[in-house]
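Presented below is the structure to which this report refers.
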Amino acid sequence: MKYLLLDIDDTIAPLKVGGPNMVIIDSMGMELAIPQYIADWLKKASEKQIKIFWCTDRPPILGSLIERTIGFKTEGQLQFYNTKAYEWSKLYGIIEFCNEHENDLVVLADNLVERMTKGIKLPDNLVTILPSDATLTIEDLKLIDKL
Numbered sequence: 029m030k031y032l033l034l035d036i037d038d039t040i041a042p043l044k045v046g047g048p049n050m051v052i053i054d055s056m057g058m059e060l061a062i063p064q065y066i067a068d069w070l071k072k073a074s075e076k077q078i079k080i081f082w083c084t085d086r087p088p089i090l091g092s093l094i095e096r097t098i099g100f101k102t103e104g105q106l107q108f109y110n111t112k113a114y115e116w117s118k119l120y121g122i123i124e125f126c127n128e129h130e131n132d133l134v135v136l137a138d139n140l141v142e143r144m145t146k147g148i149k150l151p152d153n154l155v156t157i158l159p160s161d162a163t164l165t166i167e168d169l170k171l172i173d174k175l
């Protein structure tokens with residue numbers, strides 16, 4: 029099985045909101061913009077042999093709102109309950125997920141992954157995708173598909 033752990037801020041939703049070909053999500057008065065090519069890819073990817081989990085510090089309601097707006101489904105959101113284990117609060121949850129799925133491929137797409145995991149031994153079944161341009165590009169999405 030292939031799992032995708034997916035961040036929201038910057039990774040799929042650039043900080044600069046707006047522009048053409050964007051899916052706009054109104055999150056309690058704050059707009060979040062996701063490029064249309066990412067929205068289209070998420071719909072297709074969720075229908076394939078890949079299970080997507082949100083890997084974000086944002087509240088789970090945001091992930092649900094994105095899913096409803098775009099029209100796809102994830103398997104839920106990773107929990108980060110041991111936030112003192114590493115400098116990056118997400119890392120303990122990511123490593124624990126990889127250990128629970130040691131015979132599966134786990135792909136992490138997060139714009140902070142390179143900076144926040146420097147010098148840390150990551151699980152062998154984890155492949156990290158650092159977005160080429162802070163936000164995932166079409167080439168990054170193709171790479172995820174090929175894994």
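According to the working numbering, the sequence shown holds residues 29 to 175 in order.
Quick reminder that beta carbons are idealized off the backbone N, C-alpha and C, glycines included.
For Asp37, DSSP records a beta bridge to Ala41. Here Leu119 is buried, its C-beta having at least 16 other C-beta atoms within 10 Å.
DSSP places Ala137 outside any alpha helix (DSSP H); the residue lies instead in the beta strand (DSSP E), whose first and last residues are 133-137. Around the Cβ of Tyr31, a 10 Å sphere holds 16 or more other Cβ atoms; the residue is buried. Ranking Ile148, Leu133, Ala162, Pro151 by CA distance to the CA of Asp173 puts Leu133 first. The count of Cβ pairs closer than 8 Å, one atom from the segment 116-130 and one from the segment 140-159, reaches three, so the stretches are in contact. With a beta-carbon spacing of about 6 Å, Val155 and Leu175 fall inside the 8 Å limit used to define contacts.
Within its own chain, the residues whose Cβ lies closer than 8 Å to the Cβ of Glu130, once the five positions on either side in sequence are excluded, are Pro151, Asn153, listed in chain order. With a threshold of 16 other beta carbon atoms within 10 Å, Asp161 falls short and is exposed.
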